[in-house]
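Residue numbers (this note's numbering): 1 to 307.
For every residue, glycine included, the Cβ atom is placed at its ideal position computed from N, Cα and C.
These numbers come from a predicted model, not from an experiment.
Since the structure comes first, as structure tokens, the remarks are kept for the end.
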């Protein structure tokens, strides 16, 4: 059996975690199968140790934005299916070509934003006119891909129900497969309680996104500071990201003390685990998630969670 996993547009965050752990698990469970993974060149190293029966491919022509990506889906992906003589395709990217492929297809829908009124309102508020049009086109492509897929898999029952209401596909076409604990393993001993007299370490372990709701988090931090509450807000934001820079600007605007902040930027898997182990509590104010790995990661570490 030869499986082609399409992950060409996955670069970071939860989708990359899913790609690595899901592919590695499938390869281990089906050692006689051949797995071929189409990835972005930026994650080749991340996907280098998925299994002896996993072959990694990349195509720089598919890594452009806009119409070049769409062209790859319409022409490059079908050619890859033919070249590899793939028995079926598992697309992790929310998309399939506009014409049905000649092999069975499974589509992993990982972007709940296309089915959330809240998320769409946030996008309309943040995006310029051309970007709004592009977002709308993407949404139509996602919904069409779901209708063309042989099987759709999602991470929660809530998203499955919303997809059925939005697209009209039969509920039995969707398989709900919750993911595991992401980048950390279950802690075998209880987390230590906060030490009296020490700042409470409050973490929000996430990438940027319009739905991440940093404003309410920073508002709360300012209120705690005004009441002389001792805390350390622990973040993992890449300082070079545009949305992240807005968050840092908001921190300065609110006058939140830099002594109350600790930003680690992008972390390795080991680095993520170490940050979790240092926390007293995790907050997760995001308004819309397909799954929300940090919540499960925190619970697997025995860390109290506010969401």
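For residue i, name the three-state secondary structure that DSSP assigns.
{"i": "residue 203", "result": "strand"}
{"i": "residue 1", "result": "coil"}
{"i": "residue 59", "result": "coil"}
{"i": "residue 94", "result": "coil"}
{"i": "residue 249", "result": "helix"}
{"i": "residue 111", "result": "coil"}
{"i": "residue 35", "result": "strand"}
{"i": "residue 120", "result": "helix"}
{"i": "residue 103", "result": "coil"}
{"i": "residue 153", "result": "strand"}
{"i": "residue 262", "result": "strand"}
{"i": "residue 293", "result": "helix"}
{"i": "residue 127", "result": "coil"}
{"i": "residue 88", "result": "strand"}
{"i": "residue 137", "result": "helix"}
{"i": "residue 303", "result": "coil"}
Within the same chain, show all residues whose beta-carbon is closer than 6 Å to that of residue i, passing over the 5 residues directly before and after it, in chain order.
{"i": "residue 108", "result": "92 and 153"}
{"i": "residue 187", "result": "301 and 302"}
{"i": "residue 273", "result": "184"}
{"i": "residue 100", "result": "148"}
{"i": "residue 243", "result": "208"}
{"i": "residue 279", "result": "201, 203 and 303"}
{"i": "residue 205", "result": "236 and 294"}
{"i": "residue 230", "result": "199"}
Can you find the residues in the same chain that come closer than 7 Å, C-beta to C-beta, to residue i, ignoring five residues on each side of it along the sequence?
{"i": "residue 141", "result": "95"}
{"i": "residue 173", "result": "151 and 152"}
{"i": "residue 116", "result": "288"}
{"i": "residue 181", "result": "296, 297 and 300"}
One question on the structure: do residue i and residue j come within less than 8 Å of each other, judged by their Cβ atoms?
{"i": "residue 119", "j": "residue 211", "result": "yes"}
{"i": "residue 150", "j": "residue 106", "result": "yes"}
{"i": "residue 3", "j": "residue 59", "result": "no"}
{"i": "residue 202", "j": "residue 275", "result": "no"}
{"i": "residue 208", "j": "residue 237", "result": "yes"}
{"i": "residue 291", "j": "residue 185", "result": "no"}
{"i": "residue 36", "j": "residue 84", "result": "yes"}
{"i": "residue 77", "j": "residue 46", "result": "no"}
{"i": "residue 311", "j": "residue 50", "result": "Lying outside 1 to 307, the shown extent of the chain, residue 311 is not represented and no answer is given."}
{"i": "residue 104", "j": "residue 213", "result": "no"}
{"i": "residue 234", "j": "residue 270", "result": "no"}
Might you give, ordered along the chain, the residues of its own chain that have their beta carbon closer than 8 Å to the beta carbon of residue i, omitting 5 neighbours on each side?
{"i": "residue 146", "result": "107, 109, 152, 163, 167 and 169"}
- Along the chain, which unbroken stretches of the beta strand (DSSP E) at least 3 residues long are found entirely within the stretch 175-243? 200-204 and 231-235
- Message: Contact between the stretch 212-220 and the stretch 247-258 is defined here as three or more beta-carbon pairs at a separation below 8 Å; is this criterion met?
- Response: yes
- Query: Counting pairs of beta carbons, one from the stretch 110-126 and one from the stretch 156-163, are three or more of them closer than 8 Å?
  - Reply: Contact between the stretch 110-126 and the stretch 156-163 is present: 3 or more CB-CB pairs across the two stretches fall below 8 Å.
- Query: Pairing CB atoms from the stretch 17-35 with CB atoms from the stretch 48-57, are three or more of them under 8 Å?
  - Reply: yes
- Item | Three or more C-beta pairs below 8 Å linking the stretch 121-135 and the stretch 32-50 | no
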